[in-house]
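The numbering of the sequence shown is the numbering used here, which starts it at 11 and goes up by one. Ideal Cβ placement from N, Cα and C applies to all residues, glycine included.
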Amino acid sequence: MRRALVAGNWKMNGSRADINDLMQGLLTGLSEGVNGVDVVVCPPFPYLTQVTEAAHGSELIVGSQNVCEQSSGAYTGEVAASMLRDFNVRYVIVGHSERRQLYGETDQLIASKVGAVSEAGMIPVLCVGETREQRDRGAAEETVLAQIASVVAAHGVSAFADSVIAYEPVWAIGTGLSATSEQAQHMHAVIRQYLARHDAAVADAVQIVYGGSVTADNAEELFACPDIDGGLVGGASLNAQAFIRICKSVS
Ligand code: 13P
């Protein structure tokens, strides 16, 4: 039985004061009982200390939104995996579609980042997903599997023994138009079947979470699907009550 995971990707939002309020709301909600799910929040880098300190002693797990593929040195503006580990970060989002589309991250770079995160003892959350145009021309599965294959090519399928996959169709991100539970379940099953061709045990164990306009209203139906192991939540994770409701939607 795979454990569920719900992660909030705060993206580039918040201030010290906002995050203080959000953390208080989240910690109160969690203390009232959210069971059977690992709950992660991924703040912007400058707020990692604030969030790890506030989360200390609670069950809330801290993640980050990005990482550098290099371990140290002259990489101005970058943050190394070892630095994140130093701040008790456990999960690192890698290859978010916003990084792929706005910052030109390639499959090869993303595979290097997956390696850097794993080597530092953290868990990569590899984001994959097709654009609307790719879906419309029937290339959704091929796009997503190619994104996963590049990690398998770089590190072997065993990379997914300690990774999470987030299926985030680009057209569903921030649009209010979630994939239907049928569309999401289908792609999650396709991903799992692909991994199973390499290693059945890895395929069975890997957590595959869904992201793209997850809300307190649609989470329960999505999370009830057999191959959907939780969610990666953007907008709704900035509201403590909504996010806690989403976490509680894991049955
Ligand atoms: P939304 O939940 O705002 O659609 O964002 C999804 C996402 O990109 C999470 O990483």
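Check, Outcome
"Near Glu151, what residues of its chain come up, given a Cβ to Cβ distance below 6 Å and the 5 sequence neighbours on each side ignored?", "Val200"
"Under a Cβ-count criterion, where at least 16 other Cβ atoms within 10 Å of its own Cβ denotes burial, should Met11 be classed as buried or exposed?", "exposed"
"On the premise that Gly221 lies in contact with Ala250, defined as a C-beta separation below 8 Å, what is that separation, rounded to the nearest angstrom?", "That belief does not hold up - the Cβ atoms of Ala250 and Gly221 are roughly 19 Å apart, past 8 Å."
"Whole angstroms is fine: what's the gap from Gly184's alpha carbon to Val243's?", "10 Å"
"Pairing CB atoms from the segment 34-47 with CB atoms from the segment 84-100, are three or more of them under 8 Å?", "no"
"Rounded C-beta distance between Ala211 and Ser259? I'm assuming under 8 Å.", "The pair is not a contact, with the Cβ atoms about 28 Å apart (cut-off 8 Å)."
"Can you name the start and end residues of the beta strand (DSSP E) that Ser74 belongs to?", "Ile71 to Ser74"
"So Cys235 packs on Val49, CB below 8 Å; how close in whole Å?", "About 20 Å separates the two Cβ atoms, so there is no contact after all."
"When DSSP labels each residue in this structure, what does Ala179 get in the three-state scheme?", "One point to set straight first is that residue 179 is Pro, not Ala, in the sequence displayed. Pro179: coil per DSSP, three-state reduction."
"Is it the case that the CB of Glu178 approaches a heavy atom of the ligand FMN more closely than 7 Å?", "Questions concerning the ligand FMN fall outside what the structure shown contains, since the ligands it does hold are the ligand 13P."
"With Ser107 and Cys137 assumed to form a contact (beta carbons below 8 Å), what rounded beta-carbon distance in angstroms separates them?", "6 Å"
"Answer yes or no: do Val61 and Ile103 have a C-beta to C-beta separation smaller than 8 Å?", "no"
"How long is the line joining the alpha carbons of Asn76 and Leu119, rounded to whole angstroms?", "12 Å"
"Please state whether DSSP places Cys78 in a helix, a strand or coil.", "coil"
"Output the residue ranges of the alpha helix (DSSP H) runs that lie fully inside the segment 118-196 and measure 4 residues or longer, sorted by chain position.", "142-146 and 150-165"
"Quick check: is any heavy atom of the ligand 13P less than 7 Å from the C-beta of His106?", "yes"
"Taking the continuous beta strand (DSSP E) assigned at Val47, which residues delimit it?", "Val47 to Cys52"
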